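Notes follow the structure.
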Amino acid sequence: MSTDDERFANLAAEISQLVTGVQTNTGQIRNLSNKIGTDRDSEALRSQIHSLTHTTLSQCQRATEQLKRDLTPMCQGMAAAMRRVQKDRLVDQVTKVAGDFQEVQRLVQAREKEAAAKQRREAGGSGLDSLFDQQQQQPAQLVDADSPFRLGGQQQQQQQQLDLQAAEQREQQLHQL
């Protein structure tokens, strides 16, 4: 085996490991996201999801970069036909796991939004649930955030804003990928 063949095999193995890592992390994120909005939801859970998301995004980016920068140039010419086949297989795998990761990120974002809406509804607890339900259905804001009739604490509102900002940042990162 030539030095180029060994280098190609090592790069392909590294990319395959990254793909496996993305698949594993995506499954973990999906499982953890099932706890969002339940009584098992916590800051630690959200932090774990965020950490896994960051790691997984980094793995996707590294795999994509290695495919483009390192593997593609090694697949030039007639002698590299077998390499091209293997590279194409890796491209398909990276594309699939990146798509799965994006799907899970959308799921997490939707569950975070649902949990935030549920918290807002439950904050009332005194028969105003229908008011909050109407607020979710109508584009106009029925209760001003600064109103003395606003239910729930300032801390809860800040946490919800932080959760939504984090979800928006993850969505932006996914679009960059």
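Take full-length UniProt numbering: the last position of the sequence shown gets the number 177, and nothing is skipped along the way. Don't be surprised by glycine CBs; every beta carbon is placed ideally from N, CA and C. Quick caveat: nothing in here was measured; it's all calculated off a predicted structure.
Closest residue to L18 among R106, Q102, Q59 (Cα-Cα distance): The residue given as residue 18 occupies position 18 in the sequence shown. It is Q59.
Determine the direct distance from the alpha carbon of R40 to that of A110, and round the result to whole angstroms. Position 110 of the sequence shown holds residue 110. Position 40 of the sequence shown holds residue 40. Those two C-alpha atoms are separated by around 17 Å.
Return the CA-CA distance between Q48 and I36, expressed in angstroms with no decimal places. In the sequence shown, counting from the first residue as 1, residue 48 sits at position 48. In the sequence shown, counting from the first residue as 1, residue 36 sits at position 36. Taking the Cα positions, Q48 is about 12 Å away from I36.
Beta carbon of residue 188 nearer than 8 Å to that of C75: Given a span of 1 to 177 for the chain in the structure shown, any question on residue 188 remains unanswerable.
Mapping the DSSP letters down to three states, classify S47 as helix, strand or coil. If you number the sequence shown from 1, residue 47 lands on position 47. It is helical.
Grab me the residues of I15's own chain with a C-beta within less than 6 Å of its C-beta, minus the 5 sequence neighbours each way, in chain order. By one-based count along the sequence shown, residue 15 stands at place 15. Result list for I15: A63, Q66, L90, in chain order.
A123 to G27, Cα distance in whole Å? Position 123 of the sequence shown, counted from the start, is the residue given in the question as residue 123. Position 27 of the sequence shown, counted from the start, is the residue given in the question as residue 27. Roughly 32 Å between the two C-alpha positions.
State buried or exposed for S42, treating a residue as buried only when at least 16 other CB atoms are found within 10 Å of its CB. By 1-based counting over the sequence shown, the position of residue 42 is 42. Label assigned to S42: exposed.
Please report the straight-line C-alpha distance between V104 and T72, rounded to a whole angstrom. Here residue 104 refers to the residue found at position 104 of the sequence shown. Here residue 72 refers to the residue found at position 72 of the sequence shown. Straight-line measurement puts the Cα of T72 at about 29 Å from the Cα of V104.
Pair within 8 Å by beta-carbon distance, N25 and L52: By one-based count along the sequence shown, residue 25 stands at place 25. By one-based count along the sequence shown, residue 52 stands at place 52. Cβ atoms of N25 and L52: closer than 8 Å.
A81 classed as buried or exposed, judged by whether at least 16 other C-beta atoms fall within 10 angstroms: In the sequence shown, counting from the first residue as 1, residue 81 sits at position 81. Exposed is the call here.
For E6, count neighbouring Cβ atoms within 10 angstroms of its own Cβ and tell me buried if that reaches 16, exposed if not. Counting from 1 along the sequence shown, the entry for residue 6 is found at position 6. That one is exposed.
Once you ignore the five residues that flank V97 on each side, which residues in its own chain have a CB closer than 6 Å to its CB? In the sequence shown, counting from the first residue as 1, residue 97 sits at position 97. Correct list, in chain order: V19, V22, Q23.
Inter-residue spacing [alpha-carbon to alpha-carbon] between T3 and K118: Taking the sequence shown and counting its residues from 1, one reaches residue 3 at position 3. Taking the sequence shown and counting its residues from 1, one reaches residue 118 at position 118. Spanning the two alpha carbons is a distance of roughly 59 Å.
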